[in-house]
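Enquirer: Mind looking over this structure? Questions follow.
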Amino acid sequence: MDDISDGDVEAGLLMEGPAESIDMEAELQSIPTSTVTSLLRHRQSEVLKYIQNKGMHKLAEFEVEENLIYPAFKDGPMLTFGSDEMQLDAAWEWRQLLRKHIKPEPTGWHSTLTVEAFVVPICGAANPDTKGLLHPLLRRYQAKRCSYFVFSLPAVQAIINFKWTDYARRRLFLQLALYVCWLVCFYGFIIAFQDEDLTHSLRKLLRTTRGQVTVALEVGVLVCMLPFLVIDATMAGVYRQLWIDPWRILSTITYVNQVAISAMHLGRLSVKSEWLTIVLAVQCILLLFRLQYWSRAFRATRFAFADVLWEVICDTSWLLIFLFIVMGGYAAAFHITFRTADKEPEDYKSIWRSFLTMYEHVYGDLELKDFYSSKSMPIFATALAVSYIFVQGFILVNLLIGAIINSLDRASRNARAWR
Numbered sequence: 001m002d003d004i005s006d007g008d009v010e011a012g013l014l015m016e017g018p019a020e021s022i023d024m025e026a027e028l029q030s031i032p033t034s035t036v037t038s039l040l041r042h043r044q045s046e047v048l049k050y051i052q053n054k055g056m057h058k059l060a061e062f063e064v065e066e067n068l069i070y071p072a073f074k075d076g077p078m079l080t081f082g083s084d085e086m087q088l089d090a091a092w093e094w095r096q097l098l099r100k101h102i103k104p105e106p107t108g109w110h111s112t113l114t115v116e117a118f119v120v121p122i123c124g125a126a127n128p129d130t131k132g133l134l135h136p137l138l139r140r141y142q143a144k145r146c147s148y149f150v151f152s153l154p155a156v157q158a159i160i161n162f163k164w165t166d167y168a169r170r171r172l173f174l175q176l177a178l179y180v181c182w183l184v185c186f187y188g189f190i191i192a193f194q195d196e197d198l199t200h201s202l203r204k205l206l207r208t209t210r211g212q213v214t215v216a217l218e219v220g221v222l223v224c225m226l227p228f229l230v231i232d233a234t235m236a237g238v239y240r241q242l243w244i245d246p247w248r249i250l251s252t253i254t255y256v257n258q259v260a261i262s263a264m265h266l267g268r269l270s271v272k273s274e275w276l277t278i279v280l281a282v283q284c285i286l287l288l289f290r291l292q293y294w295s296r297a298f299r300a301t302r303f304a305f306a307d308v309l310w311e312v313i314c315d316t317s318w319l320l321i322f323l324f325i326v327m328g329g330y331a332a333a334f335h336i337t338f339r340t341a342d343k344e345p346e347d348y349k350s351i352w353r354s355f356l357t358m359y360e361h362v363y364g365d366l367e368l369k370d371f372y373s374s375k376s377m378p379i380f381a382t383a384l385a386v387s388y389i390f391v392q393g394f395i396l397v398n399l400l401i402g403a404i405i406n407s408l409d410r411a412s413r414n415a416r417a418w419r
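Residue numbers are given in full-length UniProt numbering: position 417 of the sequence shown equals residue 417, and the series is strictly consecutive.
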């Protein structure tokens, strides 16, 4: 089996299930084929329809020992391989592929399972970048010209599965290992930096063992960051404005933060300032958020937190805005209510403090005794507090929770389309 970057590739597909018996070789010869180039050039208005209706053809069904099936599938929905030509002994190819995963341990008894074999007859479908089928589909989706569920079409799923198992998963593991090195160097730098003498110049700092360790770890951070910066810069050049998504925004912030940290620390610029502390603290959080992206290499953790969070925020944005508007309105109301009090409550001394108090009690858990025992307009203050508890705690927050659950369920269904 050739690498997917070499020439055209048709993805063979194997799934469990009953089917009628078919002569696989004869069926292969009778299947009409197409190429990605001709499909995109001559059938622009029918690309998705073609992929849906003719993007996958069933070849045959055959019996396979179960000790071959379960290890090969690894709890996945399908098993794929690629070929540069349609004329091949597909049954033999499948059995050879399955035998690579054979488990010799005895299972108590032997049985067979019926599996179905399919083919994706689009030459070059799994080729890299613009030569393949996924890149145009992805760009069309990012331009909002097709539904997210185009990636759940069987033919597209087969291509994704093939590219993932053939090389993408290994590449992601490599990136994950490099990112872990970045994390280790950064947090090592954080620990070493804590007791650093901030009055020292860089030259004096390098004369101490601790200073040498700190600088070495910081250089290690920059070295580990560089490949990711190159990858993102390349992606930005290819996708341009379509490149912007939650992960890329998060990545860009981490790059800017790291450059600022290194410039301030190595250049000894404002090392004692609060800005360096703030940037370091923010970087500690963002790097661990970003770690979730690389954990996609593991099937059990393929839950894109930032992607899902972004989709949920977009879905509930107007409700969130209204929630904050209500908090702002009540913050102003409480501040005005207590403005003439002799002993003004500290929580409502200013608009900003009042708003932070409303935010702290977003679930409507205000202490009513603070209002009905007030010396300034206790009845009105209590009525105001009761209305806030009802509107914010009983209605808006529960409405927001319901909207988030609904949005999260939809985002999770979308995420499963990529698996």
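C-beta atoms are modelled at their ideal positions from N, C-alpha and C, and glycine is treated no differently.
Hey, how far is the Cα of Val221 from the Cα of Arg171?
Expert: 20 Å
Enquirer: Arg203: which of Met264, Arg268, Ala143, Leu400 sits nearest, CA to CA?
Expert: Shortest Cα-Cα distance from Arg203 to any of Met264, Arg268, Ala143, Leu400 involves Arg268.
Enquirer: What first and last residue would you give for the beta strand (DSSP E) that runs through Phe81?
Expert: 79–83
Enquirer: Figure out for me which residue from Pro378, Arg95, Tyr330 has the closest Cα to the Cα of Phe390.
Expert: Tyr330
Enquirer: Check whether the Cβ atoms of Leu205 and Val271 sit closer than 8 Å, and answer yes or no.
Expert: no
Enquirer: So, is Phe81 buried or exposed, given that buried needs 16 or more other C-beta atoms within 10 angstroms?
Expert: Label assigned to Phe81: buried.
Enquirer: As a quick exercise: from Ala117, Ala403, His265, pick the residue whose alpha carbon is nearest that of Val279.
Expert: When each option's Cα is compared against that of Val279, the closest is His265.
Enquirer: If you count every other CB in all the chains shown that lies within 10 Å of the CB of Asp409, and 16 or more means buried, which is it?
Expert: exposed
Enquirer: What residues are listed by DSSP as bridge partners for Cys123?
Expert: Thr35
Enquirer: Is it true that the CB of Pro121 sits closer than 8 Å to the CB of Thr33?
Expert: yes
Enquirer: In whole angstroms, what separates the C-alpha of Val119 from that of Asn127?
Expert: 16 Å
Enquirer: Helix, strand or coil: which one does DSSP assign to Ser262?
Expert: Ser262 sits in a helix when the DSSP states are folded into three classes.
Enquirer: Less than 7 Å between C-beta atoms, sequence neighbours within five positions excluded: which residues of the same chain meet that for Gln212?
Expert: Once the five neighbours on either side are set aside, the close Cβ partners of Gln212 are Leu206.
Enquirer: Can you tell which of Ala281, Lys54, Glu311 has its C-alpha closest to the C-alpha of Gln194?
Expert: Ala281
Enquirer: For Ala263, count the other beta carbons within 10 Å of its own beta carbon; 16 or more makes it buried, fewer makes it exposed. Which is it?
Expert: exposed
Enquirer: Give the DSSP-derived three-state secondary structure of Thr208 in the structure shown.
Expert: DSSP, read as helix, strand or coil, puts Thr208 in coil.
Enquirer: Within 10 angstroms of its Cβ, does Ile405 collect 16 or more other Cβ (buried), or is it exposed?
Expert: Counting Cβ neighbours within 10 Å, Ile405 comes out exposed, since fewer than 16 surround it.
Enquirer: Taking DSSP's pairing of strands, which residues face Thr112 in a bridge?
Expert: The partner list for Thr112 (beta bridge, DSSP) reads Glu65.
Enquirer: Between the stretch 219–234 and the stretch 174–184, do at least 3 Cβ pairs fall closer than 8 Å?
Expert: Here the stretch 219–234 lies against the stretch 174–184, with 3 or more beta-carbon pairs under 8 Å apart.
Enquirer: Hey, would you say Trp352 sits closer than 8 Å to Tyr293, going by beta carbons?
Expert: No, these two residues do not count as a Cβ contact at 8 Å.
Enquirer: I'd like the span of the alpha helix (DSSP H) that includes Lys49, first residue to last.
Expert: 47–54
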